[in-house]
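Peer 1: A single structure is presented below for examination.
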Amino acid sequence: MTARRIALVVLISAVLAVPVVTVLVAFRRVAADSNALSKCGHNVHALGIAISEYQIDHGGRLPDAIKWVDEIRPYVKDPRIFRCPADPTSGRSSYGMNANLSGKRDSDIRDPSDTVLLYDAAHAGANPHGTGQDLPPQGRHRYPRFQTRVTLYWFLFADRAGYVREKPFAPTPHW
Ligand SMILES: [Zn+2]
Numbered sequence: 002m003t004a005r006r007i008a009l010v011v012l013i014s015a016v017l018a019v020p021v022v023t024v025l026v027a028f029r030r031v032a033a034d035s036n037a038l039s040k041c042g043h044n045v046h047a048l049g050i051a052i053s054e055y056q057i058d059h060g061g062r063l064p065d066a067i068k069w070v071d072e073i074r075p076y077v078k079d080p081r082i083f084r085c086p087a088d089p090t091s092g093r094s095s096y097g098m099n100a101n102l103s104g105k106r107d108s109d110i111r112d113p114s115d116t117v118l119l120y121d122a123a124h125a126g127a128n129p130h131g132t133g134q135d136l137p138p139q140g141r142h143r144y145p146r147f148q149t150r151v152t153l154y155w156f157l158f159a160d161r162a163g164y165v166r167e168k169p170f171a172p173t174p175h176w
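Throughout the sequence shown, residue numbering follows our numbering, covering 2 to 176 in sequence.
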């Protein structure tokens, strides 16, 4: 082969490889996003179970929001479940507890299926808690749907059902 022909083959291979690599990179990113999203879901469900176990030993009361992580820690085997895999900040818990539910009993909550118990908190900390101000503005889980990327949040509601909700929220979660 002449040098010119070799150069041509290299050029054609490079041109063909670019879209293939782009597609592979895109697939890998989607797989990573989807793994993080499902892992986060497992975390919030497991934390919900730990909270229920805590309640059994504490007269049916939910933990005190300002120290909820400390309070349920004895009921959590693997402390890694406090960390969302997509959380870029550092701190013990990526999840916050709805401060309005501090110390309440399940029977005190009017709409448990719409009332947030735990949420993806913008700032991980020792015992994050709040009433909706501390949601990550861009969401924590971004997921491509068709051509647009949607902003997704994991919520564990007071009925212990966890849902991914997309912003703008419909219906609006209660705090
Ligand atoms: Zn998450």
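We put the CB at the ideal spot given by N, CA and C, even for glycine.
Going by DSSP, what residue range makes up the beta strand (DSSP E) through Asp121?
Peer 2: Along the sequence shown, read from residue 1 onward, the residue named residue 121 stands at position 120. Residues Val117 to Gly126.
Peer 1: Starting from Trp155, trace the beta strand (DSSP E) both ways and give me its first and last residue.
Peer 2: What you label residue 155 is simply residue 154 of the sequence shown in a count that begins at 1. Counting along the chain, the beta strand (DSSP E) containing Trp155 begins and ends at Thr149 to Phe158.
Peer 1: So Arg143 and Thr152 are supposed to be a Cβ contact under 8 Å. How far apart are they, rounded?
Peer 2: Here residue 143 refers to the residue found at position 142 of the sequence shown. Here residue 152 refers to the residue found at position 151 of the sequence shown. Right, the Cβ-Cβ distance comes to about 6 Å (below 8 Å), so this counts as a contact.
Peer 1: List the whole-angstrom C-beta distance separating Ala1 from Ile110, where the pair is believed to meet the contact cut-off of C-beta under 8 Å.
Peer 2: As displayed, the chain neither begins before 2 nor continues past 176, which places residue 1 out of reach and without an answer.
Peer 1: Quick check: Tyr96 and Tyr76, are their CB atoms within less than 9 Å of each other?
Peer 2: Within the sequence shown, numbered from 1, the residue matching residue 96 stands at position 95. Within the sequence shown, numbered from 1, the residue matching residue 76 stands at position 75. With respect to Tyr76, Tyr96 sits apart: the two C-beta atoms are not nearer than 9 Å.
Peer 1: Please find out if some non-hydrogen atom of ligand 1 comes closer than 8 Å to the beta-carbon of Pro169.
Peer 2: Within the sequence shown, residue 169 is the residue found at index 168, counting from 1. For ligand 1, not one heavy atom lies less than 8 Å from the Cβ of Pro169.
Peer 1: Do Gly61 and Arg106 count as a contact pair if the criterion is CB distance below 9 Å?
Peer 2: For this step, residue 106 is matched to residue 105 along the sequence shown. For this step, residue 61 is matched to residue 60 along the sequence shown. Yes, Cβ-Cβ distance for Arg106 and Gly61 is below 9 Å.
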